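Numbering (the working numbering), first residue to last: 65 to 739. Quick notes on the structure that follows.
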Amino acid sequence: QVFTFNGVEIRVQPSVKVKNGAPMSIICHADISKETDFQLKHNFTFFKDGKLVFMTISDKEDARYEIPVAKSSDTGDYECKVKVDEKMGFSNTTYIWVTGMTKPILAADKKEVVEGEMVKLRCELPEEVPPLEFFFRKTKTNSAPKEKRVLEKTQNFSEMEYYVEEGDNILQFDCFGKRQVRSGWESSQHSNKTLVTVKERFIKPILITRPSNNITEGDQIEFECSTVVAQMRGVEIIFQKNRTILNSVRDRKFLKYSTIATQEDSGEYLCKVEQGAVSKTTKLNVFVSELFPRPTLYASMTKLDESKDLILNCSINGVRRANFSILRKSSSGDILLKKSRILAIKVNVNDTGSYTCKAEVKGIVKESKPVRISVYAPVSKPTLSVVSGSPEVVLGKPLQLICHSVMGTPPITFTFYKGDEIKKNVTNDTYATFLDEDIGLNDNGGYKCDARNNHSSGVKTSNILNVTVIVPVRGASLGSVPYGEVEVGSDTAFLCSVKEGSWPIVFKFFKKNDHEVLLHEAKEYSDRTIWHKKTMKRRDTGTYYCMASNRASADVRSHPITISVILAAWQKGIIAVFVLTAMAGAGAVALWCFLRKKKKAKGPSMEMSGSALAPNLTSEKLTRPPSDGNYYSGSGYIEDNENHMKSADESKGPDLESAEVDYTEVEVSTLDPHR
Numbered sequence: 065q066v067f068t069f070n071g072v073e074i075r076v077q078p079s080v081k082v083k084n085g086a087p088m089s090i091i092c093h094a095d096i097s098k099e100t101d102f103q104l105k106h107n108f109t110f111f112k113d114g115k116l117v118f119m120t121i122s123d124k125e126d127a128r129y130e131i132p133v134a135k136s137s138d139t140g141d142y143e144c145k146v147k148v149d150e151k152m153g154f155s156n157t158t159y160i161w162v163t164g165m166t167k168p169i170l171a172a173d174k175k176e177v178v179e180g181e182m183v184k185l186r187c188e189l190p191e192e193v194p195p196l197e198f199f200f201r202k203t204k205t206n207s208a209p210k211e212k213r214v215l216e217k218t219q220n221f222s223e224m225e226y227y228v229e230e231g232d233n234i235l236q237f238d239c240f241g242k243r244q245v246r247s248g249w250e251s252s253q254h255s256n257k258t259l260v261t262v263k264e265r266f267i268k269p270i271l272i273t274r275p276s277n278n279i280t281e282g283d284q285i286e287f288e289c290s291t292v293v294a295q296m297r298g299v300e301i302i303f304q305k306n307r308t309i310l311n312s313v314r315d316r317k318f319l320k321y322s323t324i325a326t327q328e329d330s331g332e333y334l335c336k337v338e339q340g341a342v343s344k345t346t347k348l349n350v351f352v353s354e355l356f357p358r359p360t361l362y363a364s365m366t367k368l369d370e371s372k373d374l375i376l377n378c379s380i381n382g383v384r385r386a387n388f389s390i391l392r393k394s395s396s397g398d399i400l401l402k403k404s405r406i407l408a409i410k411v412n413v414n415d416t417g418s419y420t421c422k423a424e425v426k427g428i429v430k431e432s433k434p435v436r437i438s439v440y441a442p443v444s445k446p447t448l449s450v451v452s453g454s455p456e457v458v459l460g461k462p463l464q465l466i467c468h469s470v471m472g473t474p475p476i477t478f479t480f481y482k483g484d485e486i487k488k489n490v491t492n493d494t495y496a497t498f499l500d501e502d503i504g505l506n507d508n509g510g511y512k513c514d515a516r517n518n519h520s521s522g523v524k525t526s527n528i529l530n531v532t533v534i535v536p537v538r539g540a541s542l543g544s545v546p547y548g549e550v551e552v553g554s555d556t557a558f559l560c561s562v563k564e565g566s567w568p569i570v571f572k573f574f575k576k577n578d579h580e581v582l583l584h585e586a587k588e589y590s591d592r593t594i595w596h597k598k599t600m601k602r603r604d605t606g607t608y609y610c611m612a613s614n615r616a617s618a619d620v621r622s623h624p625i626t627i628s629v630i631l632a633a634w635q636k637g638i639i640a641v642f643v644l645t646a647m648a649g650a651g652a653v654a655l656w657c658f659l660r661k662k663k664k665a666k667g668p669s670m671e672m673s674g675s676a677l678a679p680n681l682t683s684e685k686l687t688r689p690p691s692d693g694n695y696y697s698g699s700g701y702i703e704d705n706e707n708h709m710k711s712a713d714e715s716k717g718p719d720l721e722s723a724e725v726d727y728t729e730v731e732v733s734t735l736d737p738h739r
């Protein structure tokens, strides 16, 4: 039994677009080729949106999935699978759209409500599958419907609560639903209309005035607000103008409020009745005619010098008879100056302030607009100084100046000058500052400032401020005479100089070996200084440098120089003489030893002749007088040598002893006294 699948297809009757409620058939057909004619069992499986919806087994190559009443929930992607023995075939996906939705059902929990209560509505779309959108509509008599939307993701119904407001008499509710399909959104029909009757808690309040018209300033005006309520408990009546509450009562049906009418009482008044969440309002516009216009205060001058005369005059256009008073405004309250329409005073600085006048006619008091009076004292001569205190500035650094006037009524305008050029204008109370960031080498003066206010005396000018520009020290160098090598005991001159810098300049000389030592310090009104160091010694050998600074407070260090202290020429000569003398002495000793050795070699012959002649020599020696012949004494020779060495030692003199000489240890052998 050889067979094969040629294909599987799916068909829809009557079409892939079916109306809601109509019958629908989905047919799955398997196209199979067989080698011979034999029967096969076909297993048909129908899927909607990937989920199994129907299964059947048939000997035929067709299977039908019947839907007697199509609903919108039947919309979706359909496909079928056919299995024969171990072989399977699959159809393509077919989209079926069931147009239209079931009609929603709307129900209300109440048919009759009282103002301020809630109505609960329930809208259901039977046989529809979520997600669904529900739309609730509320329609008042002779008004357009108001709509609210609710999205339900898990159920086919939705609930909504409505608050019954003031003026809701007969309310009509309905609803409809929407669902999303592949082509967009699809809407259902509108539900049945549900009517809800509303009962009033109380009637809208009634607001009247007495008198009702032709109200003039000074008249007694009375307001009355009333209502009719079904239940008195919890009723509140509030009377207000704009946002200000003028009067209120509780658990009463009416309210009264009276006052003496003024022009400020013109406007809109509200009577509001509240009970629980229900509130009803009535509005009334009231116009109060003017009895007399607002007074006007006139001043002879608004800005004047101290000790000048000021006249204030209060008047009302078209009215001559009134009670006038002139006042001065103060933070602690108005100060009455005079009960009159005219006030004349000689002013001082303390009279600066705001003034008004009041007028009274038939108990109605009106006040003028305030008039500002400014009294000025003249400014004193300003003083100009440097903020840091010292009238000097380092080249390249900013200079901050302050101009100050001890006396004078603010505001005061200060003007800063550099030379004849205006640099800055500042308006302040008593002082002003100026920062000059462009300091040049030639800016050594010419600053001044002006001060002026509204006093008629005019401008006051400060003295000219001369500012010294300090040039920082630059390019320090050190030299010496002699340079490099210096003889012991000689003098050395050190010269420290700078390329530029304002005087005075402080010069410091240092020597650096293991640590730095300050040797000399000098303050000079020059760009250089010389330090003479007397009697140089061997320990003065080392590295030297100098530092220079001025009022710019910046130390500049020179490059170091090295000084070597060596022996003087005369000291070297003494050492040379001493060495040569030592060498000559050593040679003499060596020669004497050599001659002595030769004498010993001739000794035996001399002894033989000596022994024969001994008695004669002895007698001759004893009898010969001392003056005959040359007499030599060894002891005398030794004494002469000792005296000679002593005199040589004594002739060294103090200079040699005091000179600093490098010494070397020399080991000398002791002479044999018998030789």
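Each residue gets a CB set at the ideal place from its N, CA and C atoms; glycine is no exception. Bear in mind that the values here come from a model prediction, so they are computed numbers and not experimental data.
Where the beta strand (DSSP E) containing residue i begins and where it ends
{"i": "S404", "result": "Per DSSP, S404 belongs to no beta strand (DSSP E) and is neither H nor E."}
{"i": "I121", "result": "K115 to S122"}
{"i": "Q77", "result": "F67 to Q77"}
{"i": "N349", "result": "V342 to V350"}
{"i": "T497", "result": "Y495 to D500"}
{"i": "R213", "result": "K210 to E216"}
{"i": "I534", "result": "T532 to I534"}
{"i": "L582", "result": "E580 to E588"}
{"i": "F198", "result": "L196 to T203"}
{"i": "K221", "result": "Here residue 221 turns out to be Phe, not Lys, going by the sequence shown. Start and end: F221 to Y227."}
{"i": "S89", "result": "M88 to K98"}
{"i": "K597", "result": "R592 to K597"}
{"i": "R516", "result": "Y511 to R516"}
{"i": "Q103", "result": "Q103 -> no beta strand (DSSP E), and no H or E assigned at all."}
{"i": "E354", "result": "No beta strand (DSSP E) contains E354, which DSSP labels as neither H nor E."}
{"i": "E125", "result": "From DSSP, E125 is part of no beta strand (DSSP E); its letter is neither H nor E."}
{"i": "G548", "result": "Segment: none, G548 is in no beta strand (DSSP E) and carries neither H nor E."}
{"i": "Q244", "result": "I234 to V245"}
{"i": "A627", "result": "Looking at the sequence provided, one finds Ile at residue 627 rather than Ala. Residues I625 to I630."}
{"i": "M182", "result": "M182 to E188"}
{"i": "G522", "result": "It is not in any beta strand (DSSP E) - G522 carries neither H nor E in the DSSP assignment."}
{"i": "I476", "result": "I476 to K482"}
Residue i burial status per 10 Å Cβ neighbour count (16 or more: buried)
{"i": "V581", "result": "exposed"}
{"i": "E286", "result": "exposed"}
{"i": "S520", "result": "exposed"}
{"i": "M296", "result": "exposed"}
{"i": "P689", "result": "With a pLDDT of only 38 at P689, under 50, the local geometry of the prediction cannot be trusted, and the value read off the model is given with reservation. P689 should be labelled exposed."}
{"i": "I561", "result": "With the sequence shown as reference, residue 561 is identified as Ser, and Ile is not the correct amino acid for it. Buried is the call here."}
{"i": "E143", "result": "buried"}
{"i": "P87", "result": "exposed"}
{"i": "V741", "result": "The structure shown does not extend to residue 741, since the chain is modelled only from 65 through 739, so no value can be given for it."}
{"i": "Q244", "result": "exposed"}
{"i": "K512", "result": "buried"}
{"i": "R201", "result": "buried"}
{"i": "F318", "result": "exposed"}
{"i": "K344", "result": "buried"}
{"i": "Q339", "result": "buried"}
{"i": "K572", "result": "buried"}
{"i": "M600", "result": "buried"}
{"i": "T261", "result": "exposed"}
{"i": "V72", "result": "buried"}
Under 8 Å between C-beta atoms of residue i and residue j
{"i": "N70", "j": "D101", "result": "no"}
{"i": "S526", "j": "C467", "result": "yes"}
{"i": "I169", "j": "P190", "result": "yes"}
{"i": "V411", "j": "V439", "result": "yes"}
{"i": "F266", "j": "V228", "result": "no"}
{"i": "I437", "j": "T360", "result": "no"}
{"i": "M165", "j": "G241", "result": "yes"}
{"i": "C335", "j": "I301", "result": "yes"}
4 or more residues per run - each alpha helix (DSSP H) lying fully within the region 274 to 335: none
Beta strand (DSSP E) segments (min. 3 residues) lying fully within the region 385 to 464: 387 to 392, 399 to 402, 406 to 410, 417 to 425, 428 to 431, 435 to 440, 447 to 450 and 456 to 458
Given 8 Å, three or more beta-carbon pairs between the region 405 to 419 and the region 338 to 356: no
Three or more C-beta pairs below 8 Å linking the region 611 to 621 and the region 530 to 539: yes
Segment contact, 8 Å Cβ cut-off, at least three pairs: the region 382 to 389 with the region 422 to 432: The answer is yes - the region 422 to 432 touches the region 382 to 389, with three or more Cβ pairs under 8 Å.
Validate contact between the region 636 to 651 and the region 594 to 614 using beta carbons, cut 8 Å, 3 pairs: No, they do not touch.
At least three beta-carbon pairs within less than 8 Å, the region 457 to 467 to the region 497 to 504: yes
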